[in-house]
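There are 4 protein chains.
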Amino acid sequence: MCGVFGIAGNSEAAKLVYLGLHALQHRGQESAGIVVTHGDGRQFHRHVGQGLVADVFTESILDRLEGDRAVGHVRYSTAGGNDISNAQPLMAETLKGPLVIGHNGNLTNALRLREELEHQGAIFRSRADTEVILHLFARSRAPRVADRLREALAQVEGAYSLLIMTKDSIVGVRDPSGFRPLVLGKIRDAYVLASESSVFDLLEGELLREVEPGEMIILENGGMRSERLVHAPEALERRCIFELIYFARPNSRVFDHDVYVTRHELGRQLAREAPVEADIVIPVPDSGVSAALGYAEEAGLPFRHGLLRSHYVGRTFIEPAQAIRHFGVRLKLAAVRSILADKRVVVVDDSIVRGTTSRKIVSMLRAAGAKEVHLRISSPPTRSPCYYGIDTPTKEELIAAQQDVEGIRKYVAADSLAYLSVEGLHAQVGDERGPRQKFCNACFTGEYPAGNIPEELRPNSHVGSRFD
Amino acid sequence: MCGVFGIAGNSEAAKLVYLGLHALQHRGQESAGIVVTHGDGRQFHRHVGQGLVADVFTESILDRLEGDRAVGHVRYSTAGGNDISNAQPLMAETLKGPLVIGHNGNLTNALRLREELEHQGAIFRSRADTEVILHLFARSRAPRVADRLREALAQVEGAYSLLIMTKDSIVGVRDPSGFRPLVLGKIRDAYVLASESSVFDLLEGELLREVEPGEMIILENGGMRSERLVHAPEALERRCIFELIYFARPNSRVFDHDVYVTRHELGRQLAREAPVEADIVIPVPDSGVSAALGYAEEAGLPFRHGLLRSHYVGRTFIEPAQAIRHFGVRLKLAAVRSILADKRVVVVDDSIVRGTTSRKIVSMLRAAGAKEVHLRISSPPTRSPCYYGIDTPTKEELIAAQQDVEGIRKYVAADSLAYLSVEGLHAQVGDERGPRQKFCNACFTGEYPAGNIPEELRPNSHVGSRFD
Amino acid sequence: MCGVFGIAGNSEAAKLVYLGLHALQHRGQESAGIVVTHGDGRQFHRHVGQGLVADVFTESILDRLEGDRAVGHVRYSTAGGNDISNAQPLMAETLKGPLVIGHNGNLTNALRLREELEHQGAIFRSRADTEVILHLFARSRAPRVADRLREALAQVEGAYSLLIMTKDSIVGVRDPSGFRPLVLGKIRDAYVLASESSVFDLLEGELLREVEPGEMIILENGGMRSERLVHAPEALERRCIFELIYFARPNSRVFDHDVYVTRHELGRQLAREAPVEADIVIPVPDSGVSAALGYAEEAGLPFRHGLLRSHYVGRTFIEPAQAIRHFGVRLKLAAVRSILADKRVVVVDDSIVRGTTSRKIVSMLRAAGAKEVHLRISSPPTRSPCYYGIDTPTKEELIAAQQDVEGIRKYVAADSLAYLSVEGLHAQVGDERGPRQKFCNACFTGEYPAGNIPEELRPNSHVGSRFD
Amino acid sequence: MCGVFGIAGNSEAAKLVYLGLHALQHRGQESAGIVVTHGDGRQFHRHVGQGLVADVFTESILDRLEGDRAVGHVRYSTAGGNDISNAQPLMAETLKGPLVIGHNGNLTNALRLREELEHQGAIFRSRADTEVILHLFARSRAPRVADRLREALAQVEGAYSLLIMTKDSIVGVRDPSGFRPLVLGKIRDAYVLASESSVFDLLEGELLREVEPGEMIILENGGMRSERLVHAPEALERRCIFELIYFARPNSRVFDHDVYVTRHELGRQLAREAPVEADIVIPVPDSGVSAALGYAEEAGLPFRHGLLRSHYVGRTFIEPAQAIRHFGVRLKLAAVRSILADKRVVVVDDSIVRGTTSRKIVSMLRAAGAKEVHLRISSPPTRSPCYYGIDTPTKEELIAAQQDVEGIRKYVAADSLAYLSVEGLHAQVGDERGPRQKFCNACFTGEYPAGNIPEELRPNSHVGSRFD
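Chains as they are written, first to last, in this note's numbering: chain A, 3 to 470; chain B, 3 to 470; chain C, 3 to 470; chain D, 3 to 470.
Below you can see the structure in the form of structure tokens.
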């Protein structure tokens with residue numbers, strides 16, 4: 003997962019990108035970067051670094067990033083990827099001038115494209131699939147930026163919400179399936195393209211609308227215009243339902259759904275599907291908070307903060323040699339004995355991935371006196387890996403791909419365990435044309451979108467990273 | 003405010019102090035320090051630094067802090083105090099050997115004592131009132147540590163929960179009024195003295211009991227014994243009620259009250275005292291969360307997270323020249339439009355100090371669509387400064403010292419404003435002998451404890467900092 | 003200017019490269035980098051950073067750079083080039099696997115090649131001309147590394163001493179003119195390729211020989227073999243004479259000349275060509291030391307250290323608002339009054355570039371009491387820019403391109419000024435076939451080597467950086 | 003060893019101190035600090051840190067150090083002393099206001115005074131003997147600063163050149179024996195007190211004169227006046243001869259001797275005393291440079307730079323596991339084979355302490371081809387530890403205290419070894435009243451100055467550090 007933010011037409015462009023990236027920090031903590039240019043596009047300044055936005059950029063660095071047009075990127079930590087050459091936005095020089103790109107998503111045919119490009123003599127400087135787009139774009143002979151982009155993206159499959167900056171323009175584009183979000187807004191007179199609408203809460207801006215799946219928004223000469231990437235039938239739309247369940251900030255409006263309201267409703271639905279005799283409902287903070295409140299309300303049970311989140315997570319801590327049980331979870335969460343003691347507790351989380359954290363949480367709740375622990379998950383079992391940009395582990399590591407619900411319950415040692423049903427999920431998230439019309443739910447169903455099967459799943463595919 | 007943590011009898015003493023200080027990080031973010039020694043007390047190692055515990059200590063620093071006995075300290079930021087010489091624990095060499103001291107609290111006769119000591123030739127290396135204790139202790143001729151400490155503390159007035167480490171022992175002591183908390187516990191076989199019981203949740207330890215007001219706990223030769231500091235009548239006990247309202251972690255047990263439960267009950271009481279027609283109840287996170295939930299339950303109104311707290315607060319952010327309104331608050335809090343729009347909102351906080359933040363919050367809620375904003379405060383108006391260790395501003399800056407409730411309501415621009423009554427507070431917090439028997443509530447009532455009037459309030463007092 | 007160091011066959015390859023780069027630190031202080039791999043070439047680890055070798059690499063970083071084959075690079079500061087994407091070694095993935103390259107030199111047809119490559123769809127990630135070689139190499143279809151390299155280098159003109167690392171081998175190659183140095187040696191059983199022989203003094207290694215102009219040294223399978231890049235006639239050899247005059251470390255053996263001895267002889271020759279009545283001879287440290295000693299000996303005058311070099315140069319210093327005259331030079335050099343007072347002083351330096359530093363030095367010497375100041379330069383006037391890797395300014399900024407010797411003398415305000423003659427230079431540096439046979443002296447004569455005219459000087463050339 | 007610098011009457015006082023400390027950096031690299039105040043002495047700002055001046059102070063730190071009066075200090079690394087609480091200038095608050103002190107030297111009765119003070123209730127925050135002076139000064143009842151200082155210093159013995167800053171004044175004082183240097187000068191209209199005159203070369207200031215042994219210079223109200231500390235007979239003067247031999251910068255004027263000239267003359271004297279048949283003379287850089295040149299001139303032998311000093315010393319380097327012989331020396335020095343091969347070499351250094359470095363140098367010279375190595379030392383054998391501020395090892399570690407010259411020669415494996423005689427030394431360094439009149443040469447003779455015997459050497463002394 004990643005976050006992107008671009009702005010055209012503000013003399014403090016880099017500073018606004020910097021703050022916008024801060025508001026998108028939950029979408030990626032590994033690296034942050036900004037590229038800025040002036041109206042004439044003659045000078046491009048780039049600064050990227052590893053770590054949080056606040057640590058990567060200092061006042062003197064921001065002062066040097068002069069310009070009125072800028073794009074920025076925050077990048078999520080993925081295994082083995084702590085190499086600065088993967089930090090985005092990527093920048094390259096091409097025949098048509100400098101080209102800058104920031105990418106949220108994941109291409110499903112990147113390895114094949116990469117090999118083809120290498121056969122044509124292309125060289126790669128990073129492991130990022132994003133670099134493939136850079137090459138395809140640079141190879142296009144089309145005179146207009148939008149056409150070059152159209153030509154390049156016609157060859158790629160998968161998920162992408164992209165920001166492209168050239169010497170004349172910023173272009174925002176979403177793939178035809180619309181896996182990842184991208185919104186258009188304004189801050190004063192300047193147009194803004196960003197991963198989530200929550201940026202406007204911090205920056206006093208205004209959300210105009212979602213960028214449509216398959217739409218290109220071109221910011222140029224102080225104006226904004228829209229073009230279609232391809233004339234894709236709407237049936238192809240496959241928004242990532244996990245953005246609503248877990249990833250986006252609760253104050254964002256994503257895919258025309260209010261995130262907080264949606265999660266609250268999923269909690270209510272879960273309470274209807276999987277009620278239980280209990281004394282209190284507690285969330286796993288922060289991801290389970292909205293759903294737990296919905297569950298408690300629907301169930302008529304008291305809502306309590308039985309697990310406290312540390313204010314200082316995100317920092318590395320050194321463990322004593324005499325190991326503390328569940329050290330990692332304890333650093334993040336503390337169980338509140340005065341709330342839990344002798345109580346039958348419903349604990350609500352948004353999902354279970356490997357099961358190890360849930361197991362530790364159940365154990366902590368019992369150690370703090372809980373008499374019964376009933377785990378409720380506000381989404382269906384996560385059974386299949388995501389190939390469209392969410393950093394899920396392999397199928398082997400996904401506990402729900404390996405075991406049934408009772409098996410998982412035994413593993414996490416809860417008194418009961420229930421997930422939201424796929425139907426229950428779509429009863430809350432969907433549209434009038436049918437629940438699964440607009441959303442990708444492959445992580446729950448394994449039904450990967452037709453025409454967008456990842457390379458790894460295709461017959462005769464031999465896929466593997468050669469470059470580490 | 004500050005936090006202290008000491009441990010005797012664990013070969014990884016410094017690492018456990020480091021983690022204990024992390025669990026007390028909410029009590030002070032300006033500086034952190036640890037002093038460690040071996041059983042024979044021949045080598046003392048000290049490391050202090052400015053910033054968070056995780057930033058002050060690295061693995062290699064911790065590795066060098068070898069020893070089985072250690073005390074640590076986290077220090078709150080006070081105006082002008084960003085000088086490393088104020089960082090605690092303080093350490094000095096005396097005739098009787100090294101002396102280490104960590105202090106939570108505030109002495110009310112420090113300036114007078116300091117002047118007397120200076121007249122006797124003493125020199126001061128910091129502005130910390132704690133240094134006065136160091137001098138008094140060093141001047142005592144008594145052979146036993148406990149007696150020297152008794153002699154020294156007989157001269158000081160005010161609030162102190164202290165940890166003292168000498169070459170033989172760690173001593174924990176609370177002033178006879180017991181303003182600030184201090185608890186005794188165990189981690190495996192090692193005795194622990196700490197500001198709050200929440201440390202045991204992280205470190206898998208066990209709370210034994212509160213250190214009593216006026217009690218000295220002496221950890222020596224692997225054992226623990228208790229002595230009285232003075233034979234103080236219990237009537238003098240003046241526990242800081244603000245620890246329960248705001249300061250302590252919700253999972254702590256402080257002054258024999260569960261913090262979370264107490265705050266929840268204060269919210270309920272507030273709802274009974276100051277009900278209002280509304281649609282939802284929201285907290286100001288994180289301080290108002292428990293009380294808001296109590297309020298909502300008692301009022302029978304839905305509880306919602308209408309204000310979101312940023313995960314990345316605590317870092318400095320650079321503001322654009324085109325100022326963003328309420329920039330500081332926006333960085334910390336985001337109003338959730340989908341929850342607030344067209345709603346009559348009760349917003350619950352624990353206290354109002356200057357009123358400026360409350361005013362910004364009310365403005366943000368209205369900007370996010372709230373139709374009415376009713377502010378409810380889960381404590382009485384803060385009318386008088388604290389001289390016992392809470393970092394309140396001067397009387398001139400305390401809005402409730404300058405205006406009545408209606409004046410404050412107008413300033414913060416809320417539709418209604420209500421505080422909890424002093425009686426309502428003590429109905430929840432107190433003991434069988436009468437509510438105000440055990441607690442100091444001077445910040446609400448201006449009734450400073452007899453025998454503990456701060457220098458600033460005494461007639462003919464001329465007080466002023468000469469050293470900055 | 004830059005420095006390169008590669009080693010094959012030592013289990014601590016990265017640590018030896020790190021120390022080797024330290025010994026080459028005088029060749030580049032802007033950035034440093036190392037890429038390391040194992041015998042099987044499956045994992046490549048790269049670390050680059052800005053600043054000195056000692057600051058870029060920490061113990062933990064070196065520990066992570068595991069492998070037995072490694073190349074490293076130090077890069078000189080060039081105007082505007084403080085972008086981490088220019089830091090070398092560059093690394094790319096190609097169809098044939100990872101490709102690593104470290105470059106000392108400068109290509110004279112890089113912009114044209116770059117344009118051609120961009121026309122074929124190539125994209126560039128840095129401004130380094132080195133990236134052109136990466137592309138050309140990747141485009142070659144030849145099966146052997148040496149052949150791919152031969153094909154790639156057949157297209158480039160200019161100066162290059164390169165280290166290339168692939169999954170199987172390290173290749174060191176010098177351009178047919180041999181502009182920049184490269185030597186072959188051994189450290190225990192491991193072959194080493196390095197810019198200068200001085201690395202063996204630090205690392206207890208052994209210099210085997212110069213890599214010949216146009217020679218490729220291939221380290222593979224534990225062995226070493228030599229191939230010719232092209233069958234170039236030896237007449238083309240054009241070693242950079244400035245390496246001997248200024249750039250290389252005095253303890254290096256470069257182009258079969260001992261650097262210290264050569265500089266000493268140039269000083270003697272200068273004394274014969276340009277004697278003067280004087281009391282003492284002083285060097286501008288460190289570059290003028292050897293020549294000044296030679297001058298003093300030949301002239302029979304006392305040699306004195308009349309200018310002292312600060313031990314702590316290389317660090318940034320903050321200047322007071324009340325400017326100190328010649329602040330920059332004063333930080334680096336101090337004039338010793340007790341040596342200079344009332345003396346007629348000969349001051350020897352290796353070259354004059356813009357003249358500003360010489361002017362400040364003359365002024366400092368007079369301020370310290372020198373009665374007369376006679377400036378002697380141990381090379382001919384620097385009249386033409388270098389296009390082969392020395393970071394000289396443009397012709398407009400070279401004072402000797404704009405003024406005659408008397409004009410320069412007036413500008414620097416010396417009592418007399420003399421340069422070494424071109425003939426005098428070659429009397430000391432050259433071979434039996436004639437002095438200019440082996441060396442490039444274009445900076446003094448403007449006679450750029452036939453077949454290697456830089457793009458900037460070719461008719462109809464339109465050259466300019468588009469990417470900054 | 004340490005360096006001090008103070009200035010009164012310049013609006014950029016801190017910046018000038020910072021640059022002055024840079025010019026004194028050779029006197030101490032462990033820590034650096036500055037304290038600054040305004041004319042009215044109401045605000046004192048202090049910043050100290052570990053490391054070099056350039057690293058301890060940033061532009062923003064210097065900007066915060068506002069004031070027109072400031073003192074600074076650089077501190078030499080002593081064993082185990084890497085504790086920030088030892089960093090100077092020390093600052094304390096006393097009855098008479100803030101007191102700041104920076105000390106160069108070493109007190110010989112500090113431990114006894116410390117014990118007495120502790121008996122009177124004083125506490126110590128550092129291990130620095132300087133803190134004793136702080137206490138004595140604070141205890142004085144005298145109304146004038148000069149009298150308080152006089153009273154305090156009447157009790158201490160040993161070496162001190164001190165800068166004291168109070169709210170009204172800066173006082174510079176040298177002990178009656180004048181062990182350590184201190185000079186008075188001006189930068190524009192501001193008076194300056196500094197350890198060495200070389201600071202004026204950097205700062206465009208002017209040396210006025212030496213502060214006399216036993217003299218106090220008081221900078222107050224824009225003016226300067228002198229008082230005597232005690233009416234000491236001049237016969238007591240004991241300037242540290244090692245400042246001239248090794249410690250001071252060659253461009254300094256110390257004790258009315260030009261440092262460079264003195265060292266050069268010592269080299270000449272050495273050549274007269276200990277001639278040898280040889281081909282070249284080389285110095286151990288940088289300390290032996292001046293003497294080596296004098297030796298070469300007197301001997302009529304060529305002077306050569308046969309050992310090169312690295313430009314980048316002072317940084318920590320990581321050694322490979324496969325140890326490199328003499329790694330530490332190799333990092334600092336490289337032997338130049340082209341100069342040394344087949345030569346009979348005289349190598350000149352200023353002193354031998356433990357002998358280990360000399361042994362490594364001789365070995366390196368032989369490895370680089372030297373046929374014979376004749377070691378010449380430009381001072382007498384260092385037989386006794388210094389108790390007056392030079393960081394010499396204990397008598398057990400001083401090779402010349404344990405062995406005769408022939409024994410040392412064997413240990414360092416030189417073909418011959420000779421030291422300068424004590425008579426030869428004083429023939430160059432002394433005054434008309436007799437050579438040893440003005441100087442302390444106890445390190446060579448063991449004759450510690452009467453009335454200034456260090457505690458360690460007094461009968462019945464029991465001395466030991468209790469505080470580490």
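Here a beta-carbon is modelled for each residue, glycine too, at the ideal position from N, C-alpha and C. Computed from a predicted structure; not experimentally measured.
Taking the beta strand (DSSP E) that residue i belongs to, which residues open and close that run?
i	result
residue 49 of chain C	46-52
residue 104 of chain A	99-109
Considering only C-alpha positions, which residue in the set the options is nearest to residue i?
i	options	result
residue 292 of chain B	B:248, B:328, B:362, B:38	B:248
residue 283 of chain A	A:118, A:46, A:323, A:350	A:350
residue 123 of chain D	B:104, B:111, B:387, B:150	B:150
residue 258 of chain B	B:270, B:245, B:269, B:268	B:245
residue 415 of chain C	C:118, C:171, C:391, C:361	C:361
residue 65 of chain A	A:290, A:366, A:38	A:38
residue 454 of chain A	A:34, A:375, A:50, A:161	A:161
residue 267 of chain D	D:345, D:251, D:297	D:297
Taking residue i as part of the alpha helix (DSSP H), name the residues at either end of that continuous run.
i	result
residue 411 of chain D	407-414
residue 232 of chain A	Where residue 232 of chain A is concerned, there is no enclosing alpha helix (DSSP H), given that its DSSP letter is neither H nor E.
residue 140 of chain D	132-141
Just to make sure I have the definition right: I need the residues of chain A whose C-beta is within less than 7 Å of the C-beta of residue i. Which are they?
i	result
residue 141 of chain C	123
Just to make sure I have the definition right: I need the residues of chain C whose C-beta is within less than 9 Å of the C-beta of residue i. Which are they?
i	result
residue 137 of chain A	123, 124, 125
For residue i, go through chain B and note every residue whose CB falls closer than 8 Å to its CB, in chain order.
i	result
residue 120 of chain D	95, 96, 97, 140
| field | Inter-stretch contact at 8 Å, needing at least 3 Cβ pairs: the stretch 222-232 of chain B / the stretch 91-101 of chain B | value | no
| task | Residues of the stretch 87-117 of chain D with a CB closer than 9 Å to any CB of chain B: list them in chain order, please. | result | 87, 92, 93, 94, 95, 96, 97, 98, 99, 100, 101, 116, 117
| task | Could you list the residues in the stretch 406-436 of chain C with a C-beta less than 9 Å from some C-beta on chain A, going in chain order? | result | none
| message | For the pair the stretch 183-201 of chain D and the stretch 129-138 of chain D, tell me if three or more CB-CB distances fall below 8 Å. | response | no
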